[in-house]
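>
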Amino acid sequence: MSIERLLEDLWKDYEQITPQATQIQALLKARGERVLNDHVAFRTYNHPSLSLEKMARGFLELGYQKKGDYAFKEKKLRAQHFEPQNPELPKVFISELLCEQLSTAAQKMIAELVEQVPTGYAERPNFCVSGRPWRVRYETYLKLVQESEYAGWMSAFGFRVNHFTVNVNALKSFPSLADLNAFLKTSGFALNSSGGEIKGGPEVYLEQSSTLAPKVRVSFEEGVEEIPSCYYEFAKRYPLPNGELYQGFVEKSADKIFESTNRYS
Ligand code: NI
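One rule links them: number in the working numbering = place in the sequence shown (from 1) + 313.
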C-alpha cells in the first residue's frame with residue numbers, strides 16, 4: 314500500500330466519525346485554500362502485541378523516520394513522532410497508554426479487551442485503520458473514561474486516527490492561528506479552550522488549537538450510546554534560530570489538546 318492510499322483510507326475513516334473535519338475542509342477550500350496536514354495522530358495501549366512500535370512499523374516501511382520522543386506524565390503516556398520523506402505529507406504522531414500506571418481495576422478491564430484481539434493482529438497492513446477488534450460494555454467505557462479519557466476512547470474506538478491536523482503555515486488567507494480560530498467560531502465550530510484556545514506560542518516554536526470532539530453513536534454490548542469521537546486540530550509552526558521550521562511537538566501543549574475528546578456534558 315502506498316502512503317497516499319493509506320492517508321486517503323485514514324481520512325475517509327476519520328470523516329465518518331468527525332463530520333466537522335469534512336465541513337471545515339470544505340469551508341477552507343471555498344476560500345481558495347489548499348489544505349495540507351501537519352500531522353496525523355494515533356493512540357494505542359502499550360500491550361506488547363499492540364504497542365507504539367507495532368503501530369509505527371507500517372509507517373517506517375513506507376519511508377517515515379523516527380524523530381522525537383515524548384513523555385506525558387500526568388496522562389500516563391509515551392509518544393514518538395515520525396517524519397515522511399515528502400515534506401508535503403503529514404508527520405505521524407503515535408502515543409501509547411502506560412497501562413501499568415492505571416488502577417488494578419482499569420488494567421483488568423483493558424486486559425479483557427486485549428485478550429479478544431486475534432494473534433498477529435498488529436501485523437496486518439491496515440492495523441492503524443482497523444477499528445475496534447473487541448466487544449466492550451458501555452459500563453466498562455464509562456469506568457475507564459473516569460480514570461483516563463484516553464483509556465476510554467481506545468476501548469470505544471480502537472485503532473484508527475485520533476485526529477488530523479491542518480498545516481496552518483500552508484494556508485494563504487489566515488496570517489495567524491487566532492485569525493483561523495475566529496473564522497471557525499464564526500462558522501459555528503466550538504473550540505477546545507482548556508489551557509486557552511491557543512496552546513503554545515512562538516517561544517516554543519509551535520501553536521496549536523483544536524475543535525471539541527462531536528458526539529457520535531457507538532455500539533456497545535448494552536446498545537448504542539452517544540460519546541465524543543475525534544477532534545480536528547490546527548498547527549502553526551515557527552522557525553528555529555537556524556531558520557528551519559520547528560517540526561517537533563510540545564508536551565505541555567499536547568497535554569491540553571488531549572482534553573479535546575473529554576466528555577463535556
Ligand atoms: Ni496533534
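Glycine included, C-beta positions come from ideal geometry on N, C-alpha and C.
Flag residue 478 as yes when its Cβ comes closer than 6 Å to any non-hydrogen atom of the ligand NI, and as no otherwise.
Yes; taking the cut-off as 6 Å, the Cβ of residue 478 has a heavy atom of the ligand NI nearer than that.
> Based on DSSP bridge pairs, tell me the residues matched to residue 356.
The partner list for residue 356 (beta bridge, DSSP) reads 408.
> Does the beta-carbon of residue 432 have 16 or more other beta-carbons within 10 angstroms, so that it is buried, or is it exposed?
Classification for residue 432: exposed.
> Please list the terminal residues of the continuous beta strand (DSSP E) segment that includes residue 433.
Careful: residue 433 lies outside any beta strand (DSSP E) and carries neither H nor E.
> Evaluate contact between the stretch 358-368 and the stretch 406-422, counting only Cβ atoms and requiring at least three cross-stretch pairs below 8 Å.
Touching, yes, given that three or more Cβ pairs across the two stretches are closer than 8 Å.
> Using a Cβ-Cβ cutoff of less than 6 Å, which residues in the same chain neighbour residue 354 once the five nearest sequence positions on both sides are dropped?
So the qualifying residues of the chain are 406, 475 and 476.
> Whose C-alpha, out of 534, 536, 560 and 481, is nearest the C-alpha of residue 523?
Ranking the options by Cα distance to residue 523, first place goes to 481.
> Please name the residue or residues paired with residue 538 in a DSSP beta bridge.
Its beta-bridge partners are 531.
> Within 10 Å of its beta-carbon, does residue 578 have 16 or more other beta-carbons around it, so buried, or fewer, so exposed?
Here the model assigns residue 578 a pLDDT of 34, short of 50, so the residue's position is not dependable and the matter cannot be decided.
> On the three-state DSSP scale, how would you describe residue 577?
Reliability of the predicted coordinates at residue 577 is poor, the pLDDT of 43 falling under 50, and no value is obtained from them.
> Hey, quick one: how far does the beta strand (DSSP E) through residue 555 stretch, first residue to last?
No beta strand (DSSP E) holds residue 555; DSSP gives it neither H nor E.
> Does the beta-carbon of residue 435, which I'm using as the reference point, lie nearer than 6 Å to any heavy atom of the ligand NI?
No, Cβ of residue 435 sits at least 6 Å from all heavy atoms of the ligand NI.
> Helix, strand or coil, according to DSSP, for residue 474 in the structure here?
Strand.
> By Cβ distance, which residues of its chain are closer than 7 Å to residue 444, with the 5 residues on each side in sequence left out?
Here the set comprises 471, 472 and 473.
> Counting only runs of 4+ residues fully inside the stretch 359-416, write out the alpha helix (DSSP H) ranges in chain order.
Runs of the alpha helix (DSSP H) inside the stretch 359-416: 365-374.
> Near residue 485, which residues of its chain fall below 7 Å by C-beta distance, leaving aside the five closest residues on each side in sequence?
Around residue 485: 346.
> Using only CA atoms, which one of 326, 379, 337 and 514 lies nearest to residue 501?
Of the listed residues, the one whose Cα sits closest to residue 501 is 337.
> Going by DSSP in three states, residue 341 sits in which element: helix, strand or coil?
Here residue 341 sits in helix by DSSP.
> Does the ligand NI have a heavy atom nearer than 6 Å to the CB of residue 354?
Yes, Cβ of residue 354 sits closer than 6 Å to a heavy atom of the ligand NI.
> Is any non-hydrogen atom of the ligand NI found closer than 6 Å to the C-beta of residue 546, if you look at the structure I gave you?
The answer is yes for residue 546.
> Determine whether the beta carbon atoms of residue 437 and residue 534 lie at a separation below 7 Å.
The answer is no: Cβ separation not under 7 Å.
> How far does the beta strand (DSSP E) with residue 255 in it extend, from its first residue to its last?
The structure shown does not extend to residue 255, since the chain is modelled only from 314 through 578, so no value can be given for it.
> Per DSSP, what kind of secondary structure is residue 485 in: helix, strand or coil?
It is coil, neither helix nor strand.
> For residue 416, which residues in the same chain have their Cβ closer than 8 Å to its Cβ, ignoring the five residues on either side in sequence?
460.
> If you drop the 5 nearest sequence neighbours on each side, which residues of the same chain put their C-beta closer than 8 Å to that of residue 401?
For residue 401, where only same-chain residues beyond five positions count, the Cβ hits under 8 Å are 349.
> Residue 522 by DSSP, collapsed to three states: which one?
The answer is strand: DSSP assigns residue 522 an E or B state.
> Could you say which of 557, 377, 434 and 339 lies nearest to residue 363 if we only look at CA atoms?
Checked all of 557, 377, 434 and 339; the closest Cα to residue 363 is 434.
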